[in-house]
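Single-structure report; data block below.
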């Protein structure tokens with residue numbers, strides 16, 4: 387036994403200078419080099435925390451107030467159509483995200499059937515509200531996965547994808563919508579099994595999960611810009627890769643203009659957000675800022691020649707003149723609503739030098755106003771996400787928000803419930819034998 391113990395003890399003694407040398411070398415490394423060593427040794431992603439100093443996100447204010455583009459009466463008619471009246475059962479997060487982004491947390495409605503901003507917020511950030519809406523009605527139904535899920539790193543993961551109506555559709559779409567809706571980082575969020583979490587944990591998890599080569603980065607870029615600028619211009623991803631606003635802008639510039647959600651229009655909004663942030667906080671290098679501006683200039687020039695005579699921009703707007711000359715009748719009308727509404731939205735925060743002529747913008751607004759007001763309640767519910775952008779963009783063109791305008795409008799134009807249809811009871815046959823006729827009794 388002794389012969390076996392001596393070599394082992396000797397081996398351990400010999401390891402001491404080696405371990406000491408490693409420790410000395412490790413402590414002499416830079417923090418980033420230490421992170422790389424930990425990643426190799428532990429074989430586990432290392433979380434790189436970014437200072438989140440503000441409780442409120444930055445805001446990108448609209449730049450114009452054009453009553454010739456949309457009058458008070460027209461804006462009220464459009465906003466009336468997108469008041470969030472959703473069924474309580476199986477409430478779709480995608481609908482609520484779009485509605486909350488447009489209306490903001492402070493929104494209140496005189497219509498008792500409408501969801502207030504706080505009610506929409508709570509559905510998205512409180513598992514109890516979500517679970518109540520998605521409670522199975524039959525034994526054969528399976529309750530969907532929670533929208534908000536705990537993560538081992540004390541973060542909050544948002545379930546997303548198109549496979550379920552109970553999930554957020556796009557990566558970081560919920561984060562971006564809640565950010566624009568005015569949610570503070572200190573806002574408590576409730577997952578199935580954890581307490582003490584806040585919206586800050588949702589943002590931190592999004593920063594950890596972000597991958598540069600994702601298919602859709604539009605909402606991540608916008609949210610990161612509104613939360614990180616001007617504290618930092620660059621940071622490290624969980625996998626150790628360096629990230630910066632320059633790289634995010636270049637990622638959005640990559641590929642054909644038609645690429646991306648909603649015909650590529652969300653990329654334009656996020657690029658314009660970066661441009662506005664750079665104007666105030668200098669988050670982009672001069673070369674990248676120039677590339678972003680030139681890209682949006684080319685979009686401006688395409689919009690000049692791709693608009694139809696009636697005022698709408700087609701979903702295939704990026705084809706330029708060919709989109710008009712070779713009109714594709716197979717494209718459904720709601721896709722043209724998507725293109726027209728989304729273009730009006732990013733242009734409302736863009737410098738005027740990036741606009742097509744104002745008359746074109748007014749024609750586009752007139753077309754989309756007419757289409758929106760003509761929608762039935764059923765049609766609006768089926769296409770709510772697209773029309774929410776219409777309402778938001780038109781409010782921005784009046785240099786306001788839907789909630790601010792609507793709450794002032796309702797002070798002068800109180801909500802009037804729809805009169806319930808009066809249905810006369812059907813007459814019943816008199817059962818007196820030998821004397822057929824109609825009864826005058828009402829049941």
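Numbering (my numbering), first residue to last: 387 to 829.
Where a beta carbon is used, it is the ideal one built from N, C-alpha and C, also for glycine.
In terms of alpha-carbon separation, which member of 779, 683, 630 lies closest to residue 668? Looking at the Cα atoms, 630 is the closest of the given residues.
8 Å Cβ shell around residue 522 - same chain, five flanking residues per side excluded: Excluding five sequence positions before and after residue 522, the CB atoms of its chain that fall closer than 8 Å to its own CB belong to 528, 529, given in chain order.
What is the DSSP secondary structure of residue 412, counted as helix, strand or coil? The pLDDT assigned to residue 412 is 47, lower than 50, so where the model puts this residue is not dependable; a value taken from the coordinates is nonetheless given after this. If DSSP states are grouped into helix, strand and coil, residue 412 belongs with the helices.
Which residues in the same chain as residue 416 place their Cβ atom closer than 7 Å to its Cβ, once the five residues preceding and following it in sequence are excluded? Residue placement at residue 416 is poorly supported in this model, since its pLDDT is 44, which falls under 50; the coordinates still yield a value, given next. If we look at residue 416 and ignore the five residues flanking it on each side, it has no Cβ neighbours.
When the Cα of residue 649 is compared with those of 481, 694, 688, 700, which residue comes out closest? The closest CA to that of residue 649, considering only 481, 694, 688, 700, is found on 700.
Less than 8 Å separating the beta-carbons of residue 561 and residue 589? Closer than 8 Å, so yes.
Evaluate contact between the region 783-790 and the region 484-499, counting only Cβ atoms and requiring at least three cross-stretch pairs below 8 Å. Judged by Cβ distances under 8 Å, the region 783-790 makes contact with the region 484-499, as three or more pairs qualify.
Element boundaries [alpha helix (DSSP H), containing residue 770]: From DSSP, the alpha helix (DSSP H) with residue 770 extends over 770-782.
Going by DSSP, what residues sit across from residue 546 in a beta bridge? Note: residue 546 sits in a beta bridge opposite 554.
Using only CA atoms, which one of 517, 513, 514, 483 lies nearest to residue 501? That would be 483, whose Cα lies nearest to the Cα of residue 501.
Contained alpha helix (DSSP H) runs [length at least 4] in the region 603-678, N- to C-terminal order: Restricting attention to alpha helix (DSSP H) runs no shorter than 4 residues, the region 603-678 encloses them at 604-614, 631-639, 651-667, ordered along the chain.
How would you write the range of the alpha helix (DSSP H) that residue 566 sits in, first residue to last? 559-567 is the span of the alpha helix (DSSP H), which, as asked, contains residue 566.
On the DSSP bridge assignment, give the partners of residue 574 in chain order. Bridge partners of residue 574: 584.
Assign residue 535 to one of three DSSP states: helix, strand, or coil. In the three-state DSSP reduction, residue 535 falls in the strand class (E or B).
Report the rounded CA-to-CA distance for residue 457 versus residue 467, giving the unit in angstroms. Those two C-alpha atoms are separated by around 16 Å.
Measuring alpha carbon to alpha carbon, tell me which residue in 705, 546, 506 is nearest residue 642. Among 705, 546, 506, the Cα nearest to that of residue 642 is on 705.
Taking residue 452 as the reference, which of 636, 444, 461, 639 has the closest Cα? Comparing alpha-carbon positions, the option among 636, 444, 461, 639 lying closest to residue 452 turns out to be 461.
Counting C-beta neighbours from all protein chains within 10 Å, is the total for residue 685 16 or more, i.e. buried, or is it exposed? Per the 10 Å Cβ criterion, buried.
Residue 451 in three-state terms, based on DSSP: Strand, per DSSP.
Are the CB atoms of residue 634 and residue 678 within a distance shorter than 8 Å? No, they are not a contact pair.
Does DSSP classify residue 595 as helix, strand or coil? It is helical.
If you draw a straight line from the alpha carbon of residue 754 to that of residue 627, how long is it in whole angstroms? CA-to-CA, the gap between residue 754 and residue 627 works out to about 43 Å.
Alpha carbons only, please: which of 723, 640, 579, 671 is nearest the one belonging to residue 833? Nothing in the structure corresponds to residue 833, since the chain is present only between 387 and 829.
Would you kindly work out how many angstroms separate the C-alpha atoms of residue 441 and residue 526, rounded to a whole number? Their backbone Cα atoms lie some 44 Å apart in a straight line.
Would you tell me roughly how many angstroms separate the C-alpha atoms of residue 745 and residue 519, rounded to the nearest one? Across the structure, residue 745 and residue 519 are spaced so that their CA atoms are roughly 45 Å apart.
Which runs of the alpha helix (DSSP H), 4 residues or longer, sit entirely within the region 452-529? Whole alpha helix (DSSP H) segments, 4+ residues: 458-467, 479-489, 503-511, 513-519.
Between residue 532 and residue 558, what straight-line distance do the alpha-carbon atoms span, to the nearest angstrom? Taking C-alpha positions only, residue 532 is separated from residue 558 by approximately 16 Å.
Mapping DSSP to helix, strand and coil, what is residue 804? In this structure, residue 804 counts as coil in the three-state DSSP scheme.
Just to confirm, is the Cβ distance from residue 652 to residue 683 under 8 Å? Going by C-beta atoms, residue 652 is not nearer than 8 Å to residue 683.
Three-way DSSP call (helix, strand, coil) for residue 797 in this model: In this structure, residue 797 counts as helix in the three-state DSSP scheme.
What are the boundary residues of the alpha helix (DSSP H) that includes residue 722? Element bounds for residue 722: 719-733.
Using only alpha-carbon positions, find the residue among 514, 674, 513, 796 that is nearest to residue 459. Its Cα nearest to that of residue 459, the residue 796 stands out among 514, 674, 513, 796.
In this structure, how does DSSP classify residue 436 when only helix, strand and coil are distinguished? Three-state DSSP puts residue 436 in coil, outside helix and strand.
Rank 670, 645, 665, 661 by C-alpha distance to the C-alpha of residue 725 and give the top, closest one. Checking every option, the nearest Cα to that of residue 725 belongs to 645.
For residue 660 and residue 697, which I take to be in contact (beta-carbon distance under 8 Å), what is that distance rounded to the nearest angstrom? About 29 Å separates the two Cβ atoms, so there is no contact after all.
Would residue 575 and residue 534 be called neighbours here (beta carbons separated by less than 8 Å)? Between residue 575 and residue 534, the gap from beta carbon to beta carbon is short of 8 Å.
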